[in-house]
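*Asks:*
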Amino acid sequence: MRPKLISISIVFSFLVPIVQSQQEQACDLNCHFEESYLSSETLKKWPKTCKIVCGNLIINEKSDLTDYEWTVNFWKLEELKGFLRVQNSSLTSLNFLENLRRSQCEGGEFGEFVVADNPNLTDIERLRLFRNSDGCTWRIVRNPRLDTTSYEFLIWINLENYGNLKDYGAGCSNVRITSESLPYYSNCTSINDGYEGKAVKISKISSSMNLTGFLKLRKIAGGIEVSNTDLEDLSFMKNLKVLDVSGGIMGGATIELQNSPNLKRLGWDSITILPTTLSLNFTNNHPEFCLTMEEAQKFAKVGPYFPNDDKILLCPNLTRADGQKVCKFDGFGNFETGCRQVVGDVIVDEDNEKDVWMLENVTHIYGSLIIRDTRELVNLNFLSSLRSVMRLTKDEDQIIRILSNKKLEKVIFPKMKTKPFPFGDDNFIDIDGNSLEIFKVQKECMLIRAMTKAKVKYNGKSCNEFVISNNSELAQYKTLSELYSEVECVWHISNNPKMNLNNFCTDTFSEMYKANLKYYGNMGGCECVNVYITPESLPYYTNCTHITGGDQGVLKIANLTDSLNLSGLLSLKKVEGNIEIFENQVSNLSFLSNLENVSKDYLSIYNLTHIHNNPDLKRLGWDSIKFQDYQKFDAFQKMVSKFDIYTVSIHDNHPDFCLTTRELQTFAENDVYVYNLEAKLCADLERKDGEKICNFVDLTSLDLKCQHLIGEVNINNENEDYSWKLENITNIYGSIVVQYTEKLTDLNFLRNLRAVASLNFGNILREIVISEKKEFPDGPPSIQINHNRMLQTVTLPNMKVPPFPKFKSGVIEINGNSMEIFKYLKDCLLFQTQTKSSVKYNGKSCKKLPVAPGKQPVKDTDYEDEYEVEPSGNLSYSASLIISLLMILVAL
3 MRPKLISISI VFSFLVPIVQ SQQEQACDLN CHFEESYLSS ETLKKWPKTC
53 KIVCGNLIIN EKSDLTDYEW TVNFWKLEEL KGFLRVQNSS LTSLNFLENL
103 RRSQCEGGEF GEFVVADNPN LTDIERLRLF RNSDGCTWRI VRNPRLDTTS
153 YEFLIWINLE NYGNLKDYGA GCSNVRITSE SLPYYSNCTS INDGYEGKAV
203 KISKISSSMN LTGFLKLRKI AGGIEVSNTD LEDLSFMKNL KVLDVSGGIM
253 GGATIELQNS PNLKRLGWDS ITILPTTLSL NFTNNHPEFC LTMEEAQKFA
303 KVGPYFPNDD KILLCPNLTR ADGQKVCKFD GFGNFETGCR QVVGDVIVDE
353 DNEKDVWMLE NVTHIYGSLI IRDTRELVNL NFLSSLRSVM RLTKDEDQII
403 RILSNKKLEK VIFPKMKTKP FPFGDDNFID IDGNSLEIFK VQKECMLIRA
453 MTKAKVKYNG KSCNEFVISN NSELAQYKTL SELYSEVECV WHISNNPKMN
503 LNNFCTDTFS EMYKANLKYY GNMGGCECVN VYITPESLPY YTNCTHITGG
553 DQGVLKIANL TDSLNLSGLL SLKKVEGNIE IFENQVSNLS FLSNLENVSK
603 DYLSIYNLTH IHNNPDLKRL GWDSIKFQDY QKFDAFQKMV SKFDIYTVSI
653 HDNHPDFCLT TRELQTFAEN DVYVYNLEAK LCADLERKDG EKICNFVDLT
703 SLDLKCQHLI GEVNINNENE DYSWKLENIT NIYGSIVVQY TEKLTDLNFL
753 RNLRAVASLN FGNILREIVI SEKKEFPDGP PSIQINHNRM LQTVTLPNMK
803 VPPFPKFKSG VIEINGNSME IFKYLKDCLL FQTQTKSSVK YNGKSCKKLP
853 VAPGKQPVKD TDYEDEYEVE PSGNLSYSAS LIISLLMILV AL
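Sequential numbering from 3 applies to the sequence shown in this note's numbering.
1) Beta carbon of Ile159, beta carbon of Val177: below 7 Å?
2) Tell me whether Ile159 sits in a helix, a strand or coil according to DSSP, three-state version.
3) Per DSSP, what kind of secondary structure is Trp726 in: helix, strand or coil?
4) Does Met392 come out as helix, strand or coil in the three-state DSSP assignment?
5) Just tell me which of Lys78, Glu43 and Arg87 has its CA closest to the CA of Leu67.
6) Answer yes or no: do Gly402 and Leu371 have a C-beta to C-beta separation smaller than 7 Å?
7) Quick one: residues in its chain with C-beta nearer than 6 Å to the C-beta of Val348, no 5 flanking neighbours on either side, listed in chain order?
8) With Asp723 and Thr795 assumed to form a contact (beta carbons below 8 Å), what rounded beta-carbon distance in angstroms separates them?
9) With DSSP as the reference, label Tyr164 as helix, strand or coil.
10) Which full runs of the beta strand (DSSP E) of 3+ residues lie inside the stretch 101 to 131, going along the chain?
11) At least one CB of chain D closer than 7 Å to the CB of Asn502: is that the case?
12) Tell me the DSSP secondary structure of Val247 in three-state form.
13) Please list the terminal residues of the continuous beta strand (DSSP E) segment that includes Thr278.
14) Quick one: grab the DSSP three-state call for Cys848.
15) When the Cα of Leu449 is compared with those of Lys419, Met801 and Ser471, which residue comes out closest?
16) Count the C-beta pairs between the stretch 145 to 152 and the stretch 96 to 116 that are closer than 8 Å, then say yes if the count reaches three, no if not.
17) Per DSSP, Trp140 forms a beta bridge with which residues?
18) Straight-line CA distance for Asp631 to Ser601?
19) Look at Glu411 and Val458 and say whether their C-beta atoms are less than 7 Å apart.
20) Quick one: residues in its chain with C-beta nearer than 6 Å to the C-beta of Ser546, no 5 flanking neighbours on either side, listed in chain order?
21) If you draw a straight line from the C-alpha of Lys64 to the C-alpha of Ser41, how long is it?
22) Skipping 5 residues on each side, what residues in its chain have a beta carbon closer than 6 Å to that of Ser208?
23) DSSP has Asp432 in a bridge; who is on the other side?
24) Counting only the same chain and skipping the five closest in sequence on each side, list residues whose C-beta sits under 8 Å from that of Glu598.
25) Where does Asp673 sit, in a helix, a strand or coil, going by DSSP?
26) Using CA coordinates, which residue listed in Asp119, Asn189 and Lys200 is at the minimum distance from Leu167?
27) Just how far apart, CA to CA, sit Tyr70 and Phe76?
28) Check each candidate in Leu798, Asn817, Ser784 and Met821 and name the one with the smallest Cα separation from Met792.
29) Tyr534 by DSSP, collapsed to three states: which one?
30) So, at 6 Å on beta carbons, what are the nonlocal neighbours of Lys203 in its own chain, with the 5 sequence-adjacent residues on each side left out?
31) Do the CB positions of Leu701 and Leu752 come within less than 7 Å of each other?
32) Please state if the CB of Asn754 and the CB of Asn697 are separated by a distance shorter than 7 Å.
33) What does Val348 pair with, by DSSP beta-bridge criteria?
34) Looking only at C-alpha atoms, which of Asp353, Glu446 and Phe423 sits nearest to Gly305?
35) Among Thr743, Thr732 and Glu714, which residue has its Cα nearest to the Cα of Glu720?
36) Under 7 Å between the Cβ atoms of Glu81 and Ile61?
Here's what the structure looks like:
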């Protein structure tokens with residue numbers, strides 16, 4: 003079901019006041035500019051002494067300032083809380099903006115920054131250090147005297163660059179085709195590189211436009227995106243021969259064709275070279291969009307990633323330009339033995355297995371290959387010529403299935419060098435239920451996997467599952483210590499009653515300790531190391547009080563139901579490593595309610611608790627949970643733990659999944675990072691520890707016994723006389739805003755506050771591109787102390803953690819107060835270090851403050867500013883990078 007569209011006017015009616023409110027908070031009252039353009043007359047209202055200005059700066063044909071006026075009035079400007087546009091001006095240079103570092107994007111985060119149609123402009127060097135949002139498009143176009151070829155910084159920009167004296171990349175780099183730019187791209191034979199790996203983006207054009215200039219195009223290095231067009235095909239690029247990877251660190255290319263309702267064909271007849279790291283995404287085009295056999299064959303040859311949900315057809319024309327014979331497969335009755343290309347599902351079973359010799363010349367199948375229920379078939383020699391199997395239609399069943407054959411003893415495809423197409427995350431070659439043992443040793447299974455470059459599941463298990471199971475006399479295991487396995491390999495050691503691996507599993511450097519392990523039903527050892535609980539293994543894990551292991555998931559729980567007896571797991575008190583709970587049919591996790599301590603394993607710097615895809619899960623039920631107690635660490639442990647990261651990812655469970663205040667308090671007070679948290683706050687107001695919870699309505703009616711407060715707490719000049727009522731509050735689930743007060747001189751009424759946590763924080767990124775530095779989506783800060791008249795000091799003595807979750811809301815904003823809260827750098831850093839928060843003081847980080855007179859500059863070892871934010875509110879790059887790596891771990 004498609005989501006309902008909301009009126010744009012309604013959206014803007016909500017967004018505009020929010021944007022205005024944020025601008026007002028960011029700028030001094032005397033630093034606003036509200037004129038529609040800049041001229042010698044409106045210059046009188048420009049706040050030339052301000053470093054941060056709220057308002058738009060539009061420079062156009064009416065901007066009649068002298069060079070001197072440009073220089074003396076704008077040299078202080080560092081940040082523009084609005085957009086900048088330079089269009090139709092008489093400027094020759096943008097050097098007067100020498101200190102400008104940041105502005106917003108015209109039209110929102112994914113809007114544009116325009117430098118266009120300036121007849122005398124020759125110099126934009128000052129833009130080298132200028133930044134706006136990552137999604138912003140820079141339109142540097144139609145400036146007839148501007149040579150952009152020497153500005154190397156433009157390679158990192160989402161750029162539209164055409165119609166200038168000379169365009170960056172000789173006009174054939176980072177090409178963005180629209181109806182407006184189309185005439186400027188008629189001579190490109192090769193197009194290189196591009197922002198976000200996209201060398202070519204084509205949008206808002208139709209078949210009626212003259213696209214013949216693209217017939218010269220032979221090579222593209224980078225990705226292709228075609229969206230929101232009226233095109234019926236892409237035959238204007240029919241002479242394209244080579245699609246190569248871009249020069250970026252990601253080393254791949256993407257073809258995205260989307261939202262073009264008339265698009266039915268590619269028409270890329272000449273393409274011969276494709277990268278082996280190719281991704282395809284064809285969505286929301288014409289329902290009859292199809293690939294020719296030749297196109298499908300070329301894509302299949304490189305095995306692209308193609309997780310497409312839309313229906314993709316095979317074009318009905320069965321005539322090939324290379325003359326190879328094509329046949330539809332409707333059974334062997336009318337099948338011609340000369341056919342090399344076969345369209346349709348090829349099904350071999352007991353009724354037709356005697357005719358399989360007729361497939362000996364087949365090289366490509368456009369459909370599924372299913373060999374099932376045969377009675378006499380012993381091998382697949384009749385498929386010795388087969389190179390590829392392609393099925394464009396989406397199906398829950400695998401493309402290649404070899405199932406329940408009575409005498410089949412060998413499976414191999416000697417000429418198949420690529421995986422079945424399309425191939426996504428959940429696809430594999432399925433070999434299951436055959437009477438004989440197809441793969442007698444693991445090496446045979448790995449061989450077919452290596453040849454086809456595809457995942458293989460043999461009897462429901464991966465080739466990489468190393469199995470020692472049901473051996474009644476097996477006791478010797480010393481050779482296991484010499485084995486090495488890949489990360490994804492599962493060690494399945496079960497039901498060997500004489501095998502005891504105790505010594506092996508206590509060695510933290512052994513492969514067994516680090517393995518993805520399924521171990522149960524043996525004589526002993528490893529029982530509480532790398533535990534994988536399923537209905538089958540559950541009875542063997544009723545006595546573990548402490549679980550340890552390597553980084554492959556110390557505790558994994560899958561496929562459990564509420565009907566099972568899970569009481570044995572109540573013994574568990576401590577887990578030392580990562581936890582993953584997934585694909586269960588349970589309503590809560592109270593069977594782990596006695597779990598008290600979750601910590602990282604000794605050799606790791608991160609801990610990840612990942613709870614996902616449990617459709618009935620509504621509650622955690624972890625009332626006893628806590629993370630490592632740093633207060634009990636010795637000096638060495640404290641030094642090592644400085645870099646520890648505890649991360650929680652909870653998603654795709656029941657829509658009503660909620661956290662109690664006790665659980666949310668635990669996450670907040672332990673400074674837990676959040677990758678993804680799809681949860682509500684549970685409605686019940688009772689806690690087992692007896693501490694009182696209150697919903698915040700207003701200060702006048704607040705119960706003095708409240709310790710936990712739910713809601714948006716706003717203190718201003720109308721209620722500040724009652725702020726003392728917050729003296730017993732230890733935790734706020736929402737936000738605390740102290741603004742526009744007239745009498746408050748300090749925050750002593752918050753002296754017992756330990757943490758501020760909120761679940762109202764938008765969608766966390768699930769995908770990240772390492773080559774880019776992304777902002778984390780979020781709302782305004784959870785703690786704001788702004789525009790207070792008499793406020794002199796800001797302290798939160800019992801708050802030792804940042805606001806939760808630690809993204810933009812993890813910033814403590816202190817802005818526009820009449821008194822000087824932090825006069826010197828050291829004062830601000832002390833507060834920042836104590837709260838472990840990013841402090842944004844008057845729009846800048848602590849490090850922007852001066853050093854006290856007579857004092858040495860603060861060294862990094864004295865007071866760390868590791869949570870420093872730039873004016874945009876980003877986390878430090880190092881913190882962002884660590885979170886990015888954790889995101890990738892979760893995605894894997």
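By construction, the Cβ of each residue, glycine as well, lies at the ideal position given by its N, Cα and C atoms.
*Replies:* Looking at the coordinates:
1) As a first step, residue 159 is located in the sequence shown; it is residue number 157 there, counting from the start. As a first step, residue 177 is located in the sequence shown; it is residue number 175 there, counting from the start. Cβ distance not < 7 Å, so Ile159 and Val177 don't count as in contact.
2) Taking the sequence shown and counting its residues from 1, the one referred to as residue 159 is at position 157. Ile159 falls in the coil class under three-state DSSP.
3) As a working note, residue 726 is residue 724 in the sequence shown. Reduced to three states, the DSSP call for Trp726 is helix.
4) The sequence position of residue 392 within the sequence shown is 390, counting from 1. Strand, per DSSP.
5) For the purposes of this step, residue 67 is taken as the residue at position 65 of the sequence shown. Minimum Cα distance to Leu67 is reached at Glu43.
6) Reading the sequence shown from its first residue, position 400 is the one you call residue 402. Reading the sequence shown from its first residue, position 369 is the one you call residue 371. First, the amino acid is wrong: residue 402 is Ile here, not Gly. Against a cut-off of 7 Å, the Cβ pair of Leu371 and Ile402 comes out as a contact.
7) On the sequence shown, residue 348 is found 346 positions in, with the first residue counted as 1. Closer than 6 Å at Cβ, skipping near neighbours: Phe331, Ile367 and Leu371.
8) Translated into the one-based positions of the sequence shown, residue 723 becomes position 721. Translated into the one-based positions of the sequence shown, residue 795 becomes position 793. In fact, because the Cβ distance is near 19 Å, the residues do not count as touching under 8 Å.
9) Position 162 of the sequence shown, counting from 1, holds the residue named residue 164. If DSSP states are grouped into helix, strand and coil, Tyr164 belongs with the strands.
10) 104 to 106 and 114 to 118
11) Note that chain D does not occur in the displayed structure, where there is just one protein chain.
12) Locating residue 247 in the sequence shown gives position 245, counting from the first residue. Coil at Val247, not helix or strand.
13) The residue given as residue 278 occupies position 276 in the sequence shown. Note, Thr278: premise wrong, no beta strand (DSSP E); not H, not E.
14) Here residue 848 is taken as the residue at index 846 of the sequence shown, counted from 1. Helix, per DSSP.
15) Stepping through the sequence shown from its first residue, residue 449 is reached at position 447. For Leu449, the nearest C-alpha among the options comes from Lys419.
16) The stretch 145 to 152 makes no contact with the stretch 96 to 116: fewer than 3 CB pairs, one atom from each, lie closer than 8 Å.
17) The residue you call residue 140 lines up with position 138 of the sequence shown. In the DSSP output, where bridge partners are listed per residue, Trp140 has Phe115 and Leu161.
18) Counting from one through the sequence shown, the residue named residue 631 turns up at place 629. Counting from one through the sequence shown, the residue named residue 601 turns up at place 599. Only weak support is given to the placement of Asp631: the predicted model assigns it a pLDDT of 48, under 50, and the value that follows is read from those uncertain coordinates. A straight line joining the alpha-carbon of Asp631 with that of Ser601 spans about 9 Å.
19) Translated into the one-based positions of the sequence shown, residue 411 becomes position 409. Translated into the one-based positions of the sequence shown, residue 458 becomes position 456. Against a cut-off of 7 Å, the Cβ pair of Val458 and Glu411 comes out as no contact.
20) The residue labelled residue 546 in the question sits at position 544 within the sequence shown. Checking the sequence, you will find Cys at residue 546 rather than Ser. Closer than 6 Å at Cβ, skipping near neighbours: Cys530 and Leu574.
21) As a first step, residue 64 must be located in the sequence shown, where it is residue number 62. As a first step, residue 41 must be located in the sequence shown, where it is residue number 39. Each residue's alpha carbon lies about 6 Å from the other.
22) Walking along the sequence shown from the start, residue 208 turns up at place 206. Only Asp232 meet the Cβ criterion.
23) Counted from its first residue, the sequence shown places residue 432 at position 430. Asp432 is bridged to Arg403 and Lys459.
24) As a first step, residue 598 is located in the sequence shown; it is residue number 596 there, counting from the start. Cβ contact annotation for Glu598 (same chain, cutoff 8 Å, sequence separation greater than five): Lys575, Lys576, Ser626, Ile627 and Lys628, in chain order.
25) Within the sequence shown, numbered from 1, the residue matching residue 673 stands at position 671. Reduced to three states, the DSSP call for Asp673 is coil.
26) Within the sequence shown, the letter at position 165 stands for residue 167. Of the candidates Asp119, Asn189 and Lys200, the one whose C-alpha sits nearest the C-alpha of Leu167 is Asp119.
27) In the sequence shown, residue 70 corresponds to position 68, counting from 1. In the sequence shown, residue 76 corresponds to position 74, counting from 1. Straight-line Cα distance between these residues: approximately 10 Å.
28) Position 790 of the sequence shown, counted from the start, is the residue given in the question as residue 792. Comparing Cα-Cα distances from Met792 to each of Leu798, Asn817, Ser784 and Met821, the minimum goes to Met821.
29) Position 532 of the sequence shown holds residue 534. Tyr534: strand per DSSP, three-state reduction.
30) In the sequence shown, the residue the question calls residue 203 occupies position 201. Closer than 6 Å at the Cβ level, and outside the excluded window around Lys203, lie Arg178 and Glu227.
31) Walking along the sequence shown from the start, residue 701 turns up at place 699. Walking along the sequence shown from the start, residue 752 turns up at place 750. Judged by beta-carbon spacing, Leu752 lies beyond the 7 Å limit of Leu701, meaning their Cβ atoms are not closer than that value.
32) As a first step, residue 697 must be located in the sequence shown, where it is residue number 695. As a first step, residue 754 must be located in the sequence shown, where it is residue number 752. No, they are not a contact pair.
33) Position 346 of the sequence shown holds residue 348. Bridge partners of Val348: Leu371.
34) On the sequence shown, residue 305 is found 303 positions in, with the first residue counted as 1. Comparing Cα positions, the closest option is Phe423.
35) Start at 1 with the first residue of the sequence shown, and residue 720 comes out as number 718. When each option's Cα is compared against that of Glu720, the closest is Thr743.
36) Walking along the sequence shown from the start, residue 81 turns up at place 79. Walking along the sequence shown from the start, residue 61 turns up at place 59. Not closer than 7 Å, so no.
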